[in-house]
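K.L.:
All residue numbers for the sequence shown refer to this note's numbering, where the first residue is -7 and numbers rise by one. Take this structure first; my questions come after.
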Amino acid sequence: MKIALACDHGGLNLKNEIKKYLEKNNYEVIDFGTNSNESVDYPDYAEKAAKSVASGETECGILVCGTGIGIGIAANKVKGIRCATLGDTFSARMTKAHNDANMIALGERVTGIGLGIDIVDAYLNSSFEGGRHQKRVDKISALEK
Ligand code: RB5
């Protein structure tokens, strides 16, 4: 599975830890940056990763900023993206199972590295349940039109 990763300066450390974890577990990663502590604008990085997911270049995406909120809001502006900002593993499982989220966002200033990686793991190892949830996801997509 190919995964898009991106962050701003506020999410750099957690993004790098997630990248190490993913590569160790044989996921293919496309890292859209940022790769320094210099202050940048999170929408620019959300856009790169979200467009990669929306185009099918990558299957899903993981974003990190200080809170996970701004970068998640930005990603959700790209057509076809369903990005959930997460701080717990239950929501990580549910957003895949019920919302078919194709991106998640984490906050480095909110969530530690251990929990952050558990959230990623919970998300990646869950599956969309379809059924009654498909109709609801279709209705989310219809809002884009
Ligand atoms: C950057 O200082 C910070 O605003 C950003 O990382 C994020 O938390 C925004 O939602």
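Yeah, the Cβ is synthetic: ideal placement off N, Cα and C, and Gly gets one too. Nothing here was measured: the structure is a model prediction, and the numbers come from that model.
1) Would you check if the distance between the CB atom of A114 and the CB atom of G60 is smaller than 7 Å?
2) Enumerate, from N- to C-terminal direction, the unbroken alpha helix (DSSP H) stretches of 4 or more residues contained entirely within the region 6 to 46.
3) Taking a contact to mean a Cβ-Cβ separation below 7 Å, would you say I111 touches I54 in this structure?
4) Do G58 and G2 have their C-beta atoms within less than 7 Å of each other?
5) In terms of residues, what are the limits of the beta strand (DSSP E) holding M86?
6) Please classify G123: does DSSP put it in a helix, a strand, or coil?
P.N.:
Quick answer:
1) no
2) none
3) no
4) yes
5) First-last for M86: 81 to 89, but that is the alpha helix (DSSP H), not the beta strand (DSSP E).
6) Residue state for G123 is assigned as coil, using DSSP reduced to three classes.
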